[in-house]
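To start, the structure itself, in C-alpha cells.
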Amino acid sequence: MSRLIYIAFLCFLCLASCKSVYYNTFYNAKQQYNIAEQKRVESENPGSRITSATYNALYQRAIVKASIVLKYFPDSKWFDDSLLLIGKASYWREDYAEALTKFEELQQLFPESELIPETRYWQGLALWAMNRTNEARASFSLFDKKTDPELYGLSNLALAEMEASQDNREDAIISYRALLETLDKKHKLRARAWQGVGNNLLELNRYNEALEAYENVLKSKPDTRTNFETRVKIGDTLERQQKYDEALDTYKKILKIKRLRIYEAEIQLRQARIYQLKDQVETAEKIYSDVGKKYPRSEYSAAAFYRLGLIEQKSRKNLEKAKELFEKAVREDRSSDEGKLALQRQKDLVALERYQKQVEKVEDPQKALGPLVDLAELYLFNLGEPDSALSIYQRVLSLSDSSDLAPKAHYVIGLIYADSLKNESAAREQFQLLLDRHPNTPYTVEARTRLNQKHADDALAETQFLQAEKRIQEGIPAQDIAPIYRQIADEYPNSLFAPKALFALAWTYENDLDQREQAKTIYEQVQERYPLTQYGKIATDKLKGKFLDPPPEPVDSTQVQPSDTQSDTTRSDTTETQPDTTQTRTQKVIRTQKTVSPKPAFKPDVIIGGGIMEAVDADEEPQVIEEIEPEYPEEARADGKPATVLLRLLILKNGSVGEVHVTSGPELFHSAAVEAAKQYTFEPGIHEDAPRDMWLDLSIYFEPPE
9 MSRLIYIAFL
19 CFLCLASCKS
29 VYYNTFYNAK
39 QQYNIAEQKR
49 VESENPGSRI
59 TSATYNALYQ
69 RAIVKASIVL
79 KYFPDSKWFD
89 DSLLLIGKAS
99 YWREDYAEAL
109 TKFEELQQLF
119 PESELIPETR
129 YWQGLALWAM
139 NRTNEARASF
149 SLFDKKTDPE
159 LYGLSNLALA
169 EMEASQDNRE
179 DAIISYRALL
189 ETLDKKHKLR
199 ARAWQGVGNN
209 LLELNRYNEA
219 LEAYENVLKS
229 KPDTRTNFET
239 RVKIGDTLER
249 QQKYDEALDT
259 YKKILKIKRL
269 RIYEAEIQLR
279 QARIYQLKDQ
289 VETAEKIYSD
299 VGKKYPRSEY
309 SAAAFYRLGL
319 IEQKSRKNLE
329 KAKELFEKAV
339 REDRSSDEGK
349 LALQRQKDLV
359 ALERYQKQVE
369 KVEDPQKALG
379 PLVDLAELYL
389 FNLGEPDSAL
399 SIYQRVLSLS
409 DSSDLAPKAH
419 YVIGLIYADS
429 LKNESAAREQ
439 FQLLLDRHPN
449 TPYTVEARTR
459 LNQKHADDAL
469 AETQFLQAEK
479 RIQEGIPAQD
489 IAPIYRQIAD
499 EYPNSLFAPK
509 ALFALAWTYE
519 NDLDQREQAK
529 TIYEQVQERY
539 PLTQYGKIAT
549 DKLKGKFLDP
559 PPEPVDSTQV
569 QPSDTQSDTT
579 RSDTTETQPD
589 TTQTRTQKVI
599 RTQKTVSPKP
609 AFKPDVIIGG
619 GIMEAVDADE
629 EPQVIEEIEP
639 EYPEEARADG
649 KPATVLLRLL
659 ILKNGSVGEV
669 HVTSGPELFH
679 SAAVEAAKQY
689 TFEPGIHEDA
699 PRDMWLDLSI
709 YFEPPE
C-alpha cells in the first residue's frame with residue numbers, strides 16, 4: 009500500500025513539474041516580450057540611443073521561447089497565450105503576415121478562448137498594416153461596448169485613425185467625435201480622440217476649431233507624450249496663422265512644465281525656426297549654436313548645425329562656411345534625417361563648384377550651355393534656390409534663343425514663376441512665348457495646359473477621335489481604326505488629343521494587330537514627342553519592360569505535343585527555347601489551341617473617360633499616398649520573370665479608386681494588378697480649385713520572388 013502511495017506521489021510530482029515547465033517557458037517568453045515593449049517605448053524618448061534592432065531582438069527571443077510551448081507542449085494551458093504573444097511580437101517586428109497567421113490559428117484552434125476578443129483587435133491591426141483595410145474594418149467592428157468596453161474603444165479609435173491615414177479628414181473627424189460620445193469623461197482614450205479631431209481639423213486648415221480640440225486634449229489629462237505633442241501642435245497651428253509671438257509663448261510654456269523638459273532640445277529648435285521666420289536671424293543662430301553645444305552627438309545637434317549651414321548658404325552665400333557646418337552636422341549624427349540632408353547638401357555644393365568652374369573655363373558661350381543647365385537644375389531641385397535657378401535659365405535663354413534648349417528654358421522659367429515665386433503673370437508670359445516661338449516641341453502641350461488654352465486643332469482632333477471610338481463600338485476592324493489615330497497625330501501634333509491618339513495607335517499595334525516592332529517604334533515616338541504628358545510617361549514605362557520584345561515563331565499546329573513519357577532531356581531543351589517573357593509564353597499556348605479568344609479592342613472611351621477629365625489635363629494630378637505591392641501570381645512563379653501591367657484608373661474626388669481597366673501587360677498578371685490597384689489611395693486631382701474625378705494611367709510592376 010505504501011508503495012502505491014509512493015508511486016502516486018511521484019506521478020503527482022511529475023505532473024506538477026510538467027505544468028511548471030509549461031508555465032516557466034511561457035513566463036520567460038512573456039518576460040522577454042515585456043522587456044521588448046519597455047525598450048520600444050523608451051526608444052521614442054528624446055535623445056534615446058535605443059534602436060529598433062535592440063527591441064526587435066528581444067521580440068525575437070520572446071517568439072523563440074513561446075514557440076517552444078507550441079512545439080513541445082501542445083496540451084499546455086498556455087498554448088493560446090503563446091500564439092497571441094508570438095502574433096503580437098511578430099506585429100511589432102513588422103512581420104505582419106506571420107502575426108496574422110498566429111491570430112488566425114488561435115481563433116481556429118481555440119474558438120472559446122477568453123483571448124479571442126484581444127486576438128481580433130490585433131488581427132485588425134495586422135490587416136491594416138498589410139493595407140487590407142476592408143478586412144481590418146470588419147475585424148475592428150466586432151466589439152460590443154457592454155461586453156468589451158476597452159477593446160470597443162481601442163477598435164473605434166483605430167477605425168477613426170484608418171480614415172485619417174487615408175486622408176478622409178471629414179470622415180475621420182466624425183468617427184473621432186462619435187467615439188468621444190461613447191467614452192466616459194475620465195476615459196484615458198478621450199485625449200487621443202480629441203487629438204485626432206484636432207490633427208484632422210488642422211489638415212483642413214480649420215485652425216480655430218483645431219485649437220479648441222487641442223485645448224480639450226489638455227483638459228483630458230493626457231500622458232506625457234500626448235501632452236507634449238498637443239502643445240507642439242498648438243504652436244504649429246499658431247505658426248500657420250502667422251501668429252509667431254503666440255507660438256513662441258506656447259513653446260516657452262512647454263519648457264516651464266517640469267515633465268516636458270526632456271523635450272527641451274526639440275522646442276529650442278522650433279523657437280529658432282520662428283525667429284528665422286521673423287527675420288531675427290542672429291537670435292536663431294544663437295539658439296542653434298547653443299543646441300549644438302548642449303546636445304552633442306545627437307539628432308538635435310545635427311539639426312542645429314544643418315540649419316546654420318542653410319543660413320550661410322542661402323542668406324550669406326558663404327559656401328565654404330556652409331560646407332563646414334554641413335560636415336559638422338554629418339559628424340554629429342549622420343543617421344538622423346537632417347544628418348542625411350547635410351550629407352547630400354555637401355555633395356551638392358561640391359557639384360556646384362564643379363559646374364561653376366566648367367562655366368568659367370569655357371570661352372565659347374555656346375559651349376557653356378550644358379554646364380549652365382546643370383547648374384540651374386542643381387539650384388532648383390537640390391539647393392532650393394529658385395531665384396538663382398531663374399537667373400541662370402534666363403542666361404541660358406539669352407544664349408540659346410534659337411537652339412534646342414530655348415523651349416526648355418522658357419518652360420522651366422514659367423514653372424519657377426508659377427510654382428516657386430507665385431508670379432502668375434510672369435509665368436503666363438513665358439508659356440505664351442514658348443507657344444509663339446517654339447510651337448512644335450514636347451513642352452507645347454504642357455504649356456497650353458498651364459494656360460488653359462483651347463486650340464483650333466483640338467476640336468478637329470476630338471471629332472476624329474470620337475469617330476474612331478464610334479467605329480470601334482460598331483465592330484470595325486482595328487486595321488481600319490489605326491489610320492485615324494495616325495492622321496490625328498500627324499495633322500494635329502499640338503492638339504491635346506495628339507498624345508492620346510499616338511498612344512492609342514501604339515496600343516492598337518501591340519494588342520490588336522500583334523505588330524510589336526511597330527508598336528515599339530510608336531511608343532518611342534510618344535516618349536520623344538510628349539515626354540511631359542501622362543502618355544509619355546506610360547510609354548517610357550512600357551519601353552523599359554520586356555513585354556514589347558518580339559514574340560516567338562508560332563508553333564506548328566500539326567506538331568505532336570510532348571507526351572508524359574518524353575525524356576527529361578527533351579523537356580529541358582524545350583524549356584530553354586521559351587521566350588523571355590510571361591506574356592509571350594501565354595501567347596504561344598494560345599496559338600496551339602483550336603479556338604482563340606479575340607483580344608480586347610482598344611476603347612477610346614477608356615482614354616477619353618466618358619466625359620471625365622484626364623489627370624494630365626488637370627491643374628494638379630492625383631498623387632499616390634498609399635502604394636500597394638502586388639502579389640506575384642502563383643501560376644507565374646515557375647517562370648519567375650518580371651512583368652509590368654498598365655492600368656487605367658478612375659480616381660474619385662475623395663482619393664479612392666472607382667474603376668480599374670487593364671490596358672496591356674501579361675495576362676497572368678492582370679488579376680493581381682487590378683487587385684493591388686483597387687487598394688491604392690490617392691491625393692485627389694485638383695482642377696479649378698476643386699477635387700475632381702479623373703482618369704489616371706498607372707503601371708504595376710511585378711518583381712519575381714527570390
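Residue numbering for the sequence shown follows my numbering, starting at 9 and increasing by one per position.
Cβ coordinates follow ideal geometry from the N, Cα and C atoms, glycine included.
Legend entry - Limits of the unbroken beta strand (DSSP E) element including Ala-651: Your numbering for residue 651 matches position 643 in the sequence shown. Unbroken beta strand (DSSP E) run through Ala-651: 651-659.
Inset, instruction - Check whether the Cβ atoms of Ile-530 and Tyr-538 lie closer than 8 Å to each other. - result: Here residue 530 refers to the residue found at position 522 when the sequence shown is read from its first residue. Here residue 538 refers to the residue found at position 530 when the sequence shown is read from its first residue. No. Outside cutoff.
Legend entry - the segment 682-689 / the segment 636-653 touching (three or more Cβ pairs under 8 Å): yes
Inset, instruction - Return the chain-ordered list of same chain residues with a C-beta closer than 6 Å to the C-beta of Asp-701, the five sequence neighbours on each side being excluded. - result: The sequence position of residue 701 within the sequence shown is 693, counting from 1. Correct list, in chain order: Ile-620, Leu-660 and Lys-661.
Inset, instruction - Please name the residue in Leu-405, Gly-95 and Ala-509 whose C-alpha comes closest to that of Tyr-493. - result: As a first step, residue 493 must be located in the sequence shown, where it is residue number 485. It is Ala-509 whose Cα lies nearest to the Cα of Tyr-493.
Legend entry - Complete runs of the alpha helix (DSSP H) confined to the segment 328-389 [at least 4 residues]: Along the length of the segment 328-389, whole alpha helix (DSSP H) runs at least 4 residues long occupy 345-369 and 377-385, reported in chain order.
Inset, instruction - Measure from the alpha carbon of Val-420 to the alpha carbon of each residue in Leu-388, Tyr-543 and Val-289, then state which is nearest. - result: Stepping through the sequence shown from its first residue, residue 420 is reached at position 412. Measuring from the Cα of Val-420, the nearest candidate turns out to be Leu-388.
Legend entry - Distance between Asn-164 and Trp-136 (C-alpha atoms, nearest Å): What you label residue 136 is simply residue 128 of the sequence shown in a count that begins at 1. What you label residue 164 is simply residue 156 of the sequence shown in a count that begins at 1. Answer to the nearest angstrom: the Cα atoms are 13 Å apart.
Legend entry - Host beta strand (DSSP E) of Asp-705 (start-end): Numbered from 1 along the sequence shown, position 697 holds the residue referred to as residue 705. Per DSSP, Asp-705 belongs to the beta strand (DSSP E) from 702-710.
Legend entry - Collapsed DSSP secondary structure at Glu-634 in the structure displayed: In the sequence shown, the residue the question calls residue 634 occupies position 626. In the three-state reduction of the DSSP assignment, Glu-634 falls in the strand class.
Legend entry - Segment limits, alpha helix (DSSP H) that includes Thr-291: Numbered from its first residue, the sequence shown carries residue 291 at position 283. Here the alpha helix (DSSP H) through Thr-291 covers 289-302.
Legend entry - Closest Cα partner of Glu-52 within the set Thr-234, Leu-655, Asp-356 and His-446: Within the sequence shown, residue 52 is the residue found at index 44, counting from 1. The shortest Cα separation from Glu-52 among Thr-234, Leu-655, Asp-356 and His-446 belongs to Thr-234.
Inset, instruction - Tell whether a beta-carbon distance below 8 Å holds between Thr-127 and Leu-78. - result: Numbered from 1 along the sequence shown, position 119 holds the residue referred to as residue 127. Numbered from 1 along the sequence shown, position 70 holds the residue referred to as residue 78. Not a contact, by the Cβ cut-off of 8 Å.
Inset, instruction - Just the C-alpha distance for Asn-502 and His-446, rounded to the nearest angstrom, thanks. - result: In the sequence shown, the residue the question calls residue 502 occupies position 494. In the sequence shown, the residue the question calls residue 446 occupies position 438. When the Cα atoms are used, Asn-502 and His-446 turn out to be separated by approximately 11 Å.
Legend entry - Strand pairing of Pro-699, partner residues [DSSP]: By one-based count along the sequence shown, residue 699 stands at place 691. Bridge partners of Pro-699: Ile-694.
Inset, instruction - For the beta strand (DSSP E) containing Gly-666, list its first residue and its last residue. - result: For the purposes of this step, residue 666 is taken as residue 658 along the sequence shown, with counting starting at 1. For Gly-666, the enclosing beta strand (DSSP E) has its first and last residue at 665-672.
Legend entry - Per-residue DSSP class, three states only, for Lys-607: On the sequence shown, residue 607 is found 599 positions in, with the first residue counted as 1. At Lys-607, the pLDDT of 34 sits below 50, so the modelled position is not reliable and the matter cannot be decided from this model.
Legend entry - Helix, strand or coil at Pro-570 according to DSSP, with G and I counted as helix: In the sequence shown, counting from the first residue as 1, residue 570 sits at position 562. Per-residue confidence for Pro-570 stands at a pLDDT of 32, beneath the threshold of 50, marking its modelled position as unreliable; the derived number appears in the next sentence. Three-state result, Pro-570: coil.
Inset, instruction - Taking all protein chains shown into account, decide if Ser-406 is buried (16 or more other Cβ within 10 angstroms of its Cβ) or exposed. - result: As a first step, residue 406 is located in the sequence shown; it is residue number 398 there, counting from the start. Using a 10 angstroms sphere on the CB of Ser-406, the tally of other CB atoms stays under 16, which defines it as exposed.
Legend entry - Of the listed residues Asp-444, Phe-236, Glu-143 and Leu-316, nearest to Val-289 (C-alpha basis): Mapped onto the sequence shown, residue 289 falls at position 281. When only C-alpha atoms are compared, the closest one is Leu-316.
Inset, instruction - Flag this pair as touching only if the segment 332-347 and the segment 364-371 have three or more C-beta atom pairs under 8 Å; answer yes or no. - result: no
Legend entry - Beta carbon of Phe-690 nearer than 8 Å to that of Pro-630: In the sequence shown, counting from the first residue as 1, residue 690 sits at position 682. In the sequence shown, counting from the first residue as 1, residue 630 sits at position 622. Cβ atoms of Phe-690 and Pro-630: closer than 8 Å.
Legend entry - Cβ pair Leu-333, Leu-377 closer than 8 Å: If you number the sequence shown from 1, residue 333 lands on position 325. If you number the sequence shown from 1, residue 377 lands on position 369. Against a cut-off of 8 Å, the Cβ pair of Leu-377 and Leu-333 comes out as no contact.
Legend entry - Tyr-303 classed as buried or exposed, judged by whether at least 16 other C-beta atoms fall within 10 angstroms: In the sequence shown, residue 303 corresponds to position 295, counting from 1. Buried, because 16 or more other Cβ atoms sit within 10 Å of the Cβ of Tyr-303.
Legend entry - Status (buried if at least 16 other CB within 10 Å, exposed otherwise) for Gln-284: If you number the sequence shown from 1, residue 284 lands on position 276. Taking all protein chains shown into account, Gln-284 has 16 or more neighbouring C-beta atoms within 10 Å of its C-beta and is therefore buried.
Legend entry - Contained alpha helix (DSSP H) runs [length at least 4] in the segment 199-263, N- to C-terminal order: Runs found: 215-227 and 232-248.
Inset, instruction - Using beta-carbon positions only, say whether Thr-449 and Asp-549 come within less than 8 Å of one another. - result: The residue labelled residue 449 in the question sits at position 441 within the sequence shown. The residue labelled residue 549 in the question sits at position 541 within the sequence shown. No. Outside cutoff.
Inset, instruction - Count the CB pairs spanning the segment 669-678 and the segment 155-163 that are closer than 8 Å, and state whether there are at least three. - result: no
Inset, instruction - In the DSSP assignment, find the alpha helix (DSSP H) that holds His-195 and state where it starts and stops. - result: Taking the first residue of the sequence shown as position 1, residue 195 is located at position 187. For His-195, there is no enclosing alpha helix (DSSP H), since its DSSP letter is neither H nor E.
Legend entry - Opposing strand residues paired with Thr-689 [DSSP bridges]: Numbered from 1 along the sequence shown, position 681 holds the residue referred to as residue 689. Paired residue(s): Glu-634.
Legend entry - Touching by the beta-carbon criterion (3+ pairs, under 8 Å), the segment 55-73 and the segment 30-43: yes
Legend entry - Length of the line joining the Cα atoms of Thr-258 and Ile-708: Within the sequence shown, the letter at position 250 stands for residue 258. Within the sequence shown, the letter at position 700 stands for residue 708. Between Thr-258 and Ile-708, the C-alpha separation is close to 47 Å.
Legend entry - Collapsed DSSP secondary structure at Met-621 in the structure displayed: For this step, residue 621 is matched to residue 613 along the sequence shown. In this structure, Met-621 counts as strand in the three-state DSSP scheme.
Legend entry - Limits of the alpha helix (DSSP H) - the one that Arg-494 falls within: On the sequence shown, residue 494 is found 486 positions in, with the first residue counted as 1. Looking at the DSSP string, the run of the alpha helix (DSSP H) that includes Arg-494 is 486-499.
Inset, instruction - Go through its chain and collect everything with a Cβ distance to Phe-313's Cβ below 8 Å, but skip five positions before and after it. - result: Against the sequence shown, residue 313 aligns to sequence position 305. Excluding residues up to 5 positions away in sequence, Tyr-296, Gly-300, Leu-333, Phe-334, Lys-336, Ala-337, Glu-340 and Ala-350 lie with their Cβ nearer than 8 Å to the Cβ of Phe-313 in the same chain.
Inset, instruction - Starting from the C-beta of Pro-230, find all residues in its chain whose C-beta is less than 7 Å away, skip the five residues before and the five after it, and write them out in chain order. - result: Counting from 1 along the sequence shown, the entry for residue 230 is found at position 222. For Pro-230, where only same-chain residues beyond five positions count, the Cβ hits under 7 Å are Ala-199 and Thr-238.
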